[in-house]
Amino acid sequence: MFIKKLFVLICSSLISFMVYAQDQTNVNETNKVIDSFFQCDNQFFQQLEINKNSFSQYTDLATVDNFAYIVVDSIEYNNKNKVIFKKPIEYKGLVILGYQNIFIPTPLSGQFYYWGFIFDNKTHQIKQSLNNINWLVFNEKIYFANPKIYDRKSKDKTWLDNPYSIDMVIPRSGTVEKSLYLEPIADNQSRVICSIQGDIDKKILYSVRPDMEPIDKEYEAKRKKRIEDYKRTTKKQNQENLKSQQEKEINPTTIKVNSKNGDKL
Numbered sequence: 424m425f426i427k428k429l430f431v432l433i434c435s436s437l438i439s440f441m442v443y444a445q446d447q448t449n450v451n452e453t454n455k456v457i458d459s460f461f462q463c464d465n466q467f468f469q470q471l472e473i474n475k476n477s478f479s480q481y482t483d484l485a486t487v488d489n490f491a492y493i494v495v496d497s498i499e500y501n502n503k504n505k506v507i508f509k510k511p512i513e514y515k516g517l518v519i520l521g522y523q524n525i526f527i528p529t530p531l532s533g534q535f536y537y538w539g540f541i542f543d544n545k546t547h548q549i550k551q552s553l554n555n556i557n558w559l560v561f562n563e564k565i566y567f568a569n570p571k572i573y574d575r576k577s578k579d580k581t582w583l584d585n586p587y588s589i590d591m592v593i594p595r596s597g598t599v600e601k602s603l604y605l606e607p608i609a610d611n612q613s614r615v616i617c618s619i620q621g622d623i624d625k626k627i628l629y630s631v632r633p634d635m636e637p638i639d640k641e642y643e644a645k646r647k648k649r650i651e652d653y654k655r656t657t658k659k660q661n662q663e664n665l666k667s668q669q670e671k672e673i674n675p676t677t678i679k680v681n682s683k684n685g686d687k688l
């Protein structure tokens, strides 16, 4: 009886250890993904693919070639550009609730892309926890870090430190900027979000944001479908209008004419 109890105890301990080890593996892999995000480059999307089995417990992922990305309904509409995770992520004493992916086109100031995480923490808590990041004051409420600039006209095709990143000043023509931001949002929550903005061409965008290439293709396919649907609907409506007009012209109109005898013909 003692041996049987001992065997059960050992098995239970082994199972508990295996579960603990698996949980620790998931935590470590998830942390690698979040760590890579703060670089605001393609490493984040590569780490998502490498650790997709662990990270997919939190949210749906799309995989393309050697990278993966977090899926949102639409990057263009405020009510569709974020996803709340299936369960929160605990990271360095902080709680991550979801992910946001935003695209803002402007006619004169270039394009603005934002992607990052929604935290169930205030900004000062995030600053204290992520104290390895050199947070700078952007304005009264927003902090930023690691600002970079890329000059498309320069022979030096690398990202350089950008000491002139200032609130309300847009990137000059021919340049692209990127940075990490920390800002408060509603309900005592905050978001840490990367940005790439300015005079962006697709080559530069996809080098930093490989996820935007399949998203752009999907958007273009939907745009073409909307155009085709509109043309088809318009054509059908025009045909119906033409048919209705032809029927009016063909149908005889009753005309009353008085004859010499007063009879109606």
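Residue 500 in this note's numbering sits at position 77 of the sequence shown; the count goes up by one each step and never skips. Each residue gets a CB set at the ideal place from its N, CA and C atoms; glycine is no exception.
Nearest-angstrom Cα separation, counted from residue j out to residue i
i, j, result
"F508", "D610", "17 Å"
"N501", "Q548", "26 Å"
"A444", "N451", "Because the pLDDT at A444 is just 43, under 50, the model does not fix this residue reliably, and the point stays unresolved."
"T546", "W558", "11 Å"
"S630", "N465", "7 Å"
"F542", "Y642", "28 Å"
"R614", "E513", "15 Å"
"S596", "T486", "34 Å"
"G621", "V456", "27 Å"
"Y566", "T529", "24 Å"
"P637", "N674", "55 Å"
"P607", "D624", "30 Å"
"Q551", "Q462", "19 Å"
"F526", "R575", "21 Å"
N-terminal and C-terminal residue of the beta strand (DSSP E) that residue i is part of
i, result
"V507", "Going by the sequence as given, residue 507 is Ile instead of Val. Unbroken beta strand (DSSP E) run through I507: 505–514."
"T486", "484–487"
Residue i (DSSP reduced to helix, strand or coil)
i, result
"Q612", "strand"
"Q668", "helix"
"R595", "coil"
"P607", "strand"
Same chain, Cβ closer than 7 Å to residue i, neighbours up to 5 away in sequence not counted
i, result
"K510", "Y481"
"I627", "Y573, V599"
Same chain, Cβ closer than 8 Å to residue i, five either side skipped, listed in chain order
i, result
"E672", "none"
"F468", "F490, A491, Y492, R632, P633, D634"
Whole-Å CB distance - residue i paired with residue j, under 8 Å assumed
i, j, result
"G521", "C617", "In fact, because the Cβ distance is near 15 Å, the residues do not count as touching under 8 Å."
"V495", "N524", "5 Å"
"F601", "I619", "Correcting the residue type first, residue 601 is Lys in the shown sequence and not Phe. Confirmed, Cβ separation roughly 4 Å."
"N555", "V518", "With a Cβ gap of about 19 Å, N555 and V518 do not count as contacting."
Start and end residues, alpha helix (DSSP H) containing residue i
i, result
"K626", "625–631"
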